[in-house]
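Comments concern the structure below.
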Amino acid sequence: MNHAAALPVWAQLAVAFLLVAGAGLALIGSLGLLRLRTFYQRVHAPTLGTTMGIMLVLASSMIFFTVLESRLVMHEVLIGFFMVVTTPITLMLLTRAALYRDRSEQSEEVPPAAPSYTPASEGSGAQGTASGPAAPSGPSG
Amino acid sequence: MTAAILDWAVFAAQILLTAAMACAAFRILRGPRAQDRVLGMDTLYVNATMLILTFGIRTGSQFYFEAALIIAMLGFVSTAASAKFLMRGEVIE
Numbered sequence: 288m289n290h291a292a293a294l295p296v297w298a299q300l301a302v303a304f305l306l307v308a309g310a311g312l313a314l315i316g317s318l319g320l321l322r323l324r325t326f327y328q329r330v331h332a333p334t335l336g337t338t339m340g341i342m343l344v345l346a347s348s349m350i351f352f353t354v355l356e357s358r359l360v361m362h363e364v365l366i367g368f369f370m371v372v373t374t375p376i377t378l379m380l381l382t383r384a385a386l387y388r389d390r391s392e393q394s395e396e397v398p399p400a401a402p403s404y405t406p407a408s409e410g411s412g413a414q415g416t417a418s419g420p421a422a423p424s425g426p427s428g
Numbered sequence: 025m026t027a028a029i030l031d032w033a034v035f036a037a038q039i040l041l042t043a044a045m046a047c048a049a050f051r052i053l054r055g056p057r058a059q060d061r062v063l064g065m066d067t068l069y070v071n072a073t074m075l076i077l078t079f080g081i082r083t084g085s086q087f088y089f090e091a092a093l094i095i096a097m098l099g100f101v102s103t104a105a106s107a108k109f110l111m112r113g114e115v116i117e
């Protein structure tokens, strides 16, 4: 790393601190992915890395190349903008898919669908009418 | 002396990011259900993006930025397609 010596001390300290902080946040998020118990808790953990972690690493890269090349290097903003836009989309898609799979298996871990949803889909609507008369007949008979 | 600070910081960041990728890979291999594996893959892509940016700082070359951008875009597309597949059973209807 010969080029690193060309940087002033304040830039080296800033780059080093931001880089280690971002990598540490990514590690904490991934450890949460390892340690949390259910999927719906685990889906929160990696967002630590996808928001603050990657922002700190990108800021570190921007400072490094701006100081190294003595011109403004801003194209890391592209990755940051892309991450900010896409992460909520992917995680909400994934969580909706997981919720759909858990509900279609009648898992007890997730609450059932709201009553306003049942007439919209034919499958759960037929189940609702079938279990409706069966429930009162159980205790009476 | 001062050059050693940045050297060690890049080294430490690489170690931390590799450990984070190992955690995500463990979730891919172990994950009890398919959505856990997809979540682990998404985390793995984000950590790989950060690791490649760290490589860029280590070598002082700007070419790693494009690789990081492409990996970020591929991660979004693959995770969205996997979530669609888990929801519907097919990707393109």
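Chains as they are written, first to last, in my numbering: chain A, 288 to 428; chain B, 25 to 117.
A virtual CB, placed ideally from N, CA and C, is assigned to each residue, including glycine.
- Residues of the stretch 60-94 of chain B whose Cβ lies closer than 7 Å to any Cβ of chain A, in chain order: Asp60, Val62, Leu63, Gly64, Asp66, Thr67, Val70, Asn71, Thr73, Met74, Leu77, Thr78, Gly80, Ile81, Arg82, Gly84, Gln86, Phe89, Ala92, Leu93.
- With a threshold of 16 other beta carbon atoms within 10 Å, Thr73(B) meets it and is buried.
- Relative to the Cα of Asp66(B), the nearest Cα in the group Val101(B), Tyr88(B), Gly84(B) belongs to Val101(B).
- Glu395(A) has its alpha-carbon roughly 42 Å from the corresponding atom of Leu365(A).
- Each residue's CA atom was taken as its position, placing Phe352(A) and Arg358(A) some 8 Å apart.
- Per DSSP, Arg61(B) is one residue of the alpha helix (DSSP H) stretching across 58-83.
- Around the beta carbon of Met349(A), a 10 Å sphere encloses 16 or more other beta carbons of the protein chains shown; the residue is thus reported as buried.
- Spanning the alpha carbons of Pro333(A) and Ala293(A) requires a straight line of approximately 35 Å.
- Residue environment analysis places Leu77(B) among the buried positions, since at least 16 neighbouring C-beta atoms fall within 10 angstroms of its C-beta.
- Judged by DSSP secondary structure, Pro375(A) falls within the alpha helix (DSSP H) whose first and last residues are 363-391.
- Below the 8 Å Cβ cutoff, chain A contributes Val307, Ala310, Gly311, Ala313, Leu314 as neighbours of Leu40(B), in chain order.
- The stretch 375-382 of chain A and the stretch 46-55 of chain B do not touch, with fewer than 3 CB-CB distances between them shorter than 8 Å.
- Exclusion of the five residues before and after Val397(A) leaves Leu386, Asp389, Arg390 as the residues of its chain whose Cβ lies within less than 7 Å of its Cβ.
- Membership of Arg322(A) in the alpha helix (DSSP H) is indicated by the continuous run 296-322.
- A direct Cα-to-Cα measurement between Thr338(A) and Val371(A) gives close to 7 Å.
- Under the three-pair Cβ rule at 8 Å, the stretch 76-91 of chain B does not count as touching the stretch 99-114 of chain B.
- Between the stretch 293-311 of chain A and the stretch 319-329 of chain A there are fewer than three C-beta pairs closer than 8 Å, too few to call the two in contact.
- Contiguous alpha helix (DSSP H) elements confined to the stretch 89-113 of chain B do not occur, taking only those with 4 or more residues.
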